Amino acid sequence: MSAVAPEVGSHVASGGSLALAPEIAAAVGDVSRIRTRAIDRVAYANDASHYLLTPDAVVIAADAAEVGAILRGATASGTPVTFRSGGTSLSGQSSGSGVLVDVRQGFGRIDVLDSGRRVRSQPGATVRQVNARLLRHGHRLGPDPASEAACTIGGVVANNSSGMACGTAENSYRTLESLVLVLASGTVVDTADPDADRLLSEREPALVAELMRLRDRVVGDAASVALIERQFAMKNTMGYALNAFLDFDTPAALLAHLVVGSEGTLAFVAEATFRTVPIRPATATTLAVFPTLDAATRALPALVATGAATLELMDATSLRVGQRLAGTPAAIHGFEATTQAALLVEYHADDADALRSLAESGSRALAAEDLRAAAVFSSDPAQRAAAWTFRKGLYASVAGARPSGTTALLEDVVVPVGRLADTCGGLQELFARYGYADSVIFGHAKDGNIHFMLTDRFEGARALARFERFTDAMVDLVLDAGGNLKAEHGTGRAMAPYVRRQYGDELYDVMVRLKRLLDPSGILNPGVIIDDDPGAHMRHLKAPVSIEPEADRCVECGYCEPVCPSRSLTLTPRQRIVVRRASTAARERGDGALVAELEKDYDYDGVQTCAVDGMCQTACPVLINTGALMKRFRREDANPALAAGWSAAATGWGAVTRAGSAALSVASAVPLPVVRTVTDAARKVLGTDTVPRYSGELPAGGASRRSLGSVVGAVGVEPVAVFLPACVGSMFGPASADGIGATAAFVRLLERAGVSAIVPDGVDALCCGTPWSSKGYAKGHATMSARVRAAVRAATREGTLPVVCDASSCTEGFAATLRDDGIRVLDAVAFAASALLPALSPTPVAELLALHPTCSSRQLGIDPALRAVGEAVASEVRVPDAWGCCAYAGDRGMLHPELTEAATAPEAAEVAGWGADAHASCNRTCELGMTKATGEPYVHVLELLERATR
């Protein structure tokens with residue numbers, strides 16, 4: 001393939017918002033869902049791939065009918081359309097120019113059918129969300145991609161997702177039952193309709209006639225049939241799903257399966273129904289370390305023969321990265337990874353006896369190999385979780401370890417398992433020949449499917465010519481081995497120029513005709529799958545940009561997005577980072593107007609509406625906490641007068657909390673509209689990020705912590721802990737007149753369990769420091785931290801006693817403050833579950849408890865304790881499938897109530913249908929946020945435990 005002039009990714013030009021074609025604008029029911037600001041276009045430009053195309057506009061679609069109208073408008077105006085949901089695609093298929101249609105926000109419905117044997121989902125739901133609904137029925141989706149936390153059903157269908165265990169038998173294509181499609185003409189097709197064939201023929205007669213002619217052409221050509229059967233016997237996402245022509249002979253079913261793997265180039269998938277697979281409950285896992293990659297791959301045929309469910313390959317570079325990460329399996333530690341490779345081997349069975357037999361077969365096969373240590377199969381959930389967390393996050397972890405200013409490029413190929421060892425050896429030779437040091441090989445070895453990653457700057461004629469030569473040589477290697485150039489990541493832009501090479505002229509012509517038949521105007525994701533330009537894969541490459549060290553290692557995988565509270569309001573963590581990269585790139589090329597435009601909108605969209613809850617870090621394979629960067633920006637931009645005021649507050653915090661409590665008590669006695677009018681007026685003058693907005697969920701003020709005295713709990717027993725009640729319980733009183741609040745509830749529980757605790761001197765003036773750290777007020781935070789450390793050291797007798805706090809976010813804050821002092825900090829829920837419950841005899845006070853864990857309880861690891869306490873006070877406990885951080889975030893929910901409203905909407909909608917008679921959490925401000933969202937009074941779970949033990 002001849003070299004062409006390289007082209008770096010498109011960047012957005014300055015000059016304000018762009019105009020959207022009037023035909024498309026008229027199709028969108030609400031103009032607020034049309035986004036043309038520079039920050040919106042930049043935020044959506046990046047997906048997880050190494051390509052960058054900036055859309056002219058973003059539309060947040062509402063439903064299938066609106067998508068149909070948009071497509072008709074795009075056809076009329078000749079505007080390219082790309083659909084975006086999870087944005088985890090790796091071959092450039094989820095970014096594009098023209099209009100990018102966001103189908104994540106409005107398409108999240110999931111319907112479990114036939115007791116879990118089938119499931120119907122819209123394209124915006126993630127695989128993890130669907131599987132969470134199916135879990136209670138003992139089923140799951142067949143496809144099991146490593147990106148299941150973030151990838152969505154739309155992408156699962158569009159890319160014919162498979163994964164680690166499903167192979168080709170349980171991938172999207174094989175488990176699909178039906179689709180609801182929107183064609184480029186705007187026609188909506190429900191292939192599950194018993195009359196689907198007749199309706200399709202009536203609405204699109206020419207399309208159906210030509211589709212069936214194409215089928216006749218394919219099945220009538222013996223050479224085409226043989227080639228399709230050979231290539232689709234393996235994983236294959238190269239080109240279109242031509243195997244559908246062999247598998248289906250009716251128009252609707254044929255169309256549905258041709259759309260699988262079509263990457264948004266043939267139709268929009270508005271809904272998909274799958275046949276699910278039973279969860280096999282018995283599992284046994286091991287991680288076997290081999291001396292070389294060649295030794296690991298040559299062991300595969302014997303292991304495949306034992307019936308292994310998964311055989312995941314990881315080379316030496318993968319292991320080196322894993323050795324630097326916390327919580328990775330012990331098997332990869334204790335040696336210098338140079339040439340070694342590992343196989344993650346797992347067996348699934350329906351019962352223990354069947355599992356034992358399978359594991360014994362695996363043990364015998366591995367015993368014949370030269371392993372670093374004997375491979376021992378385990379069914380321990382913690383060990384399995386560690387192994388799979390490492391494997392599922394491997395791409396992002398390895399990519400995150402790349403040098404700053406470089407781009408990670410991931411490809412995936414498949415060859416017959418018997419050719420895998422030689423192919424891996426050939427790839428390593430290519431890495432050496434073309435100078436790609438520290439390249440990585442890993443993947444689903446059971447299927448002959450491997451991924452390899454290159455890191456480079458991929459800029460400049462020399463670097464790009466080298467990459468192009470490497471790609472040509474890699475194509476030769478894989479095709480000579482009888483493989484497919486794409487196994488599961490989709491053709492995208494990365495392999496579009498090579499589709500003809502893999503299939504030959506005849507079948508490539510069938511694909512071209514199929515594309516023209518379903519998309520005659522060429523508006524659907526142009527440049528993806530079908531592109532006759534031999535250098536298409538070298539265009540629109542991301543240019544490397546270095547940004548702040550807190551976020552520089554981000555690989556834009558998107559794993560953080562589903563857990564972000566602001567994802568449906570402003571920006572996600574990934575988008576906050578890519579906007580920073582765009583702003584930096586604009587500054588480097590001298591586009592000051594664009595920098596100013598982005599920074600103006602970034603203050604609200606990026607900084608002020610970030611809940612800084614740290615949930616993004618829990619999902620990020622490289623542990624980026626985007627909130628830490630937002631805190632830094634707040635610190636750097638802190639208003640000097642406000643910073644001085646908050647510093648003063650830190651020195652007199654006891655008086656401040658009492659004044660706040662008194663103000664809330666006064667406000668609660670005044671009609672709500674009156675108080676809200678006052679705060680709204682103040683917000684207009686002083687700013688929405690300065691003055692909180694008063695709202696109906698706010699209670700009267702709470703009691704002073706000083707009244708607790710120096711010791712609480714049972715009399716005459718030696719204290720076993722230091723009780724440091726949160727100031728939020730003092731500022732915000734109980735939810736109702738008959739409530740007592742978390743602090744009083746904990747004290748009564750101590751008394752009933754025969755336990756006592758010390759209260760630090762000057763407790764009224766102590767705080768975890770979060771109000772200052774979250775706002776970026778460093779001096780005030782330092783003042784409070786010093787006071788807390790001194791008081792706690794004295795109360796705990798220099799750390800001999802643990803500290804217990806009764807609000808999970810404050811527990812997390814105190815733990816951070818006291819980390820270097822070696823003082824153990826426990827949440828009151830965890831303390832109650834372990835130290836108090838055994839001495840109590842609770843009687844349930846609720847039939848159904850709606851339980852809201854907090855972002856802090858999740859990060860502290862106390863959710864099991866929270867559930868245990870909940871189960872002690874209610875006959876049934878439910879945590880919503882749509883659970884997420886409420887984003888109240890101290891006072892953030894009062895400063896920006898729209899943030900909490902957006903963050904809690906899915907969970908509130910789910911809880912509303914339960915009819916629960918009790919609602920609880922473990923943090924006062926989160927209880928306020930959920931009370932506002934649901935209209936139901938949320939209390940601390942310890943208040944319910946106190947009632948249950950009266």
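In this note's numbering, the protein residues as written are 1 to 950. All C-beta atoms, glycine included, are put in the ideal place defined by N, C-alpha and C. As the structure is a computational prediction, the values presented were derived from the model and not from experiment.
Could you name the residues of the same chain whose beta carbon sits closer than 7 Å to that of L410, not counting the 5 residues immediately before and after it, in chain order?
Closer than 7 Å at Cβ, skipping near neighbours: L90, Y395, H451, M453.
Quick check on this structure: which residue in N525, L371, V376, D370 has the alpha carbon closest to the alpha carbon of S361?
It is V376.
Selection from L541, V345, V563 that minimises the alpha carbon distance to K446
Out of L541, V345, V563, V345 has the C-alpha closest to the C-alpha of K446.
Cα separation between L944 and H919?
Distance between the alpha carbons of L944 and H919: 9 Å.
M234 - DSSP class collapsed to helix/strand/coil:
Residue state, collapsed to three classes: coil.
Neighbourhood of G780 by C-beta, 6 Å cutoff - its chain only, sequence neighbours within 5 removed:
If we look at G780 and ignore the five residues flanking it on each side, its Cβ neighbours are W646, S647, A650, W772.
Would you grab the beta carbon distance between V879 and P853 for me? Rounded to a whole angstrom, and I think it's under 8 Å.
Yes, V879 and P853 are in contact; Cβ-Cβ is about 6 Å, under 8 Å.
Helix or strand or just coil, what does DSSP make of E7?
In this prediction, E7 has a pLDDT of 49, which is less than 50 and means its spatial position is unreliable; nothing more can be read from the coordinates.
Close-in-space but distant-in-sequence residues of the same chain around A352 (CB under 6 Å, 5 per side omitted):
Cβ within range, chain order: A282.
Of the residues T679, A700, E697, the one placed nearest V691, counting alpha carbons only:
The residue with the shortest Cα to Cα distance from V691 is T679.
Touching by the beta-carbon criterion (3+ pairs, under 8 Å), the stretch 875-895 and the stretch 655-672:
The stretch 875-895 is not in contact with the stretch 655-672.
Report the CB separation of G73 from R104 in whole angstroms; it is logged as a contact under 8 Å.
With a Cβ gap of about 21 Å, G73 and R104 do not count as contacting.
With distances taken between CB atoms, is the gap from A551 to T626 smaller than 8 Å?
Yes.
Starting from T900, trace the alpha helix (DSSP H) in both directions and tell me its first and last residue.
Start and end: 897-912.
Whole-angstrom C-beta distance between T168 and S161, which should lie under 8 Å
Your pair S161 and T168 does not check out as a contact, with CB atoms roughly 12 Å apart and the cut at 8 Å.
List the residues that DSSP assigns as beta-bridge partners of E876.
DSSP output for E876 lists L848 as bridge partner(s).
Would you kindly work out how many angstroms separate the C-alpha atoms of R576 and I523, rounded to a whole number?
Each residue's Cα considered, the two are about 29 Å apart.
Nearest candidate by alpha-carbon position, reference E561, set V289, I823, E148
Residue E148 is the option with its Cα nearest to E561.
Option nearest L664 by Cα separation, candidates P699, P671, L672
Checking every option, the nearest Cα to that of L664 belongs to P699.
Under DSSP, the beta strand (DSSP E) around D476 begins and ends at which residues?
Per DSSP, D476 belongs to no beta strand (DSSP E); it is in the alpha helix (DSSP H), 461-480.
Name the DSSP beta bridge partners of F268, please?
The bridge partners DSSP lists for F268 are V182.
Using only the alpha-carbon positions, how far apart do G15 and L594 sit?
With a pLDDT of 45 at G15, under the threshold of 50, the modelled position of this residue cannot be trusted, and the question is left open.
Quick one: using the 10 Å Cβ neighbour count with 16 as the cut-off for buried, is R457 buried or exposed?
Per the 10 Å Cβ criterion, exposed.
From the DSSP output, read off the bridge partner residues of S921.
Residue pairing from DSSP places S921 in a beta bridge opposite H940.
H50 - containing beta strand (DSSP E), residue span
H50 -> no beta strand (DSSP E), and no H or E assigned at all.
My output table needs one value for C855: the three-state DSSP class, helix, strand or coil.
When DSSP states are grouped into helix, strand and coil, C855 belongs to the helix group.
Could you have a look at G425 and say whether DSSP puts it in helix, strand or coil?
Helix at G425.
Suppose the cutoff is 6 Å on Cβ atoms and the five residues either side in sequence are ignored; what does the same chain contact list for L836 look like?
Only residues of its own chain outside the window of five on either side were considered, and among them L749, A753 have a CB closer than 6 Å to the CB of L836, listed in chain order.
Going by C-alpha distance, which of A165, W914, D30 is nearest E488?
Closest option to E488, Cα to Cα, is A165.
Have a look at M1 and Y498 and give me their C-alpha separation to the nearest angstrom.
Only weak support is given to the placement of M1: the predicted model assigns it a pLDDT of 38, under 50, and the question is left unresolved by the model.
Could you give the distance in angstroms between the alpha-carbon of G186 and the alpha-carbon of I70?
Approximately 8 Å between the Cα atoms of the pair.
Pair every Cβ in the stretch 723-740 with every Cβ in the stretch 672-687, then say whether three or more of these pairs are closer than 8 Å.
Judged by Cβ distances under 8 Å, the stretch 723-740 makes no contact with the stretch 672-687, as fewer than three pairs qualify.
For A887, which residues from the same chain have a beta carbon less than 8 Å from its beta carbon, with the 5 sequence-adjacent residues on both sides left out?
In the same chain as A887, and ignoring 5 residues on each side of it, the C-beta atoms closer than 8 Å to its own belong to P565, S566, A611, D613, G893, L899, T900, A902, A903, T904, G929, in chain order.
In three-state DSSP terms, what is I523?
In this structure, I523 counts as coil in the three-state DSSP scheme.
Please confirm whether C805 and L866 have their CB atoms less than 8 Å apart.
Against a cut-off of 8 Å, the Cβ pair of L866 and C805 comes out as no contact.
Delimiting residues of the alpha helix (DSSP H) encompassing F723
Segment 721-723 is the beta strand (DSSP E) holding F723; no alpha helix (DSSP H) there.
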